[in-house]
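Data first, discussion second: the structure below is written as structure tokens.
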Amino acid sequence: MLSSLTRLCRDVQGGVADGKQLAAALALGCDGVNIGTGFMATKEAPIHENIKAALVGADERDTTHVMRSVKNTERVFKNETSLKVTEIEAEHPGDFSAFGQYMKGANYQKSFQETGDTESSVWSCGLSIGLIDEIKSCKDFMEDIVAEAESIINSRLPTMIANL
Ligand SMILES: Cc1cc2nc3c(=O)[nH]c(=O)nc-3n(C[C@H](O)[C@H](O)[C@H](O)COP(=O)(O)O)c2cc1C
């Protein structure tokens, strides 16, 4: 999604985890990108290793949406709890009280900070989950993205201009 935060600052949010998306965002006229899930899958992220392993093991089909019927759509990891919420929400659209117990931040926190159980809570992650293949340090993660974007911008984009 291309968002215009102000007239001066535009960024791409969601689905960014390598240099191809950064190069594409800059080519679209953005000033930068917003990365969430990619940083969850870093050595420094203070979350359970099982959650990081789930990010590495998943692909772009492993997310789903919840809470659309209460106008607060959230993209989350597709697991038994989020699928249960989807099911209940389909039966009781707009009725947060019907599925709210599964959306509690405390459940999310327990999975991330204590148990590492990837199935028992509803937790945020983006489509960029499909681009995550290993757990890197934040430094390596960012340097790899910048290096790949620079390479694309220097080698590929200039060849797309026809000098007639
Ligand atoms: C752990 C986590 C928590 C998030 N919490 C919120 C939130 O409270 N509100 C919100 O609007 N978006 C939230 N997001 C969505 C991010 O804004 C979104 O992930 C961001 O646009 C980057 O997309 P990406 O995760 O594909 O990199 C969250 C994302 C993650 C991964």
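All residue numbers for the sequence shown refer to numbering that gives the first Met the number 0, where the first residue is 0 and numbers rise by one.
Quick reminder that beta carbons are idealized off the backbone N, C-alpha and C, glycines included.
Remember, predicted model here, so these are calculated numbers, not experimental data.
How many Å lie between residue i and residue j at the Cα?
i: L126; j: I160; result: 31 angstroms
i: L27; j: H91; result: 40 angstroms
i: K109; j: G115; result: 8 angstroms
i: Y107; j: N162; result: 54 angstroms
i: D58; j: A52; result: 12 angstroms
i: L25; j: V15; result: 12 angstroms
i: V11; j: E142; result: 18 angstroms
i: M102; j: S136; result: 30 angstroms
i: S150; j: L54; result: 26 angstroms
i: I144; j: F38; result: 12 angstroms
i: E113; j: A97; result: 26 angstroms
What span of residues does the alpha helix (DSSP H) with residue i cover, start to end?
i: V145; result: 137 to 154
Shorter than 9 angstroms from the beta carbon of residue i to some beta carbon of chain B?
i: T41; result: No chain B is part of this structure, which consists of one protein chain only.
Report yes if the C-beta distance between residue i and residue j is below 9 angstroms; otherwise report no.
i: E118; j: E79; result: yes
i: W122; j: F111; result: yes
i: N33; j: G13; result: yes
i: V69; j: G31; result: no
If I follow the unbroken beta strand (DSSP E) through residue i, where does it start and stop?
i: E73; result: 73 to 76
i: Q12; result: 9 to 12
i: G31; result: 31 to 33
Thinking residue i and residue j are a contact (beta carbons under 8 angstroms), I'd like their distance in whole angstroms, please.
i: T72; j: I128; result: About 17 angstroms separates the two Cβ atoms, so there is no contact after all.
i: L21; j: A146; result: Not confirmed; about 10 angstroms, so no contact.
i: D61; j: L130; result: Actually they are not in contact, since the Cβ atoms of D61 and L130 sit about 12 angstroms apart, beyond 8 angstroms.
i: C29; j: V75; result: Not confirmed; about 25 angstroms, so no contact.
Report yes or no: do three or more beta-carbon pairs, one from the region 78 to 96 and one from the region 29 to 43, lie closer than 8 angstroms? no
For the 8 angstroms Cβ check, are there 3 or more pairs between the region 59 to 68 and the region 146 to 155? no
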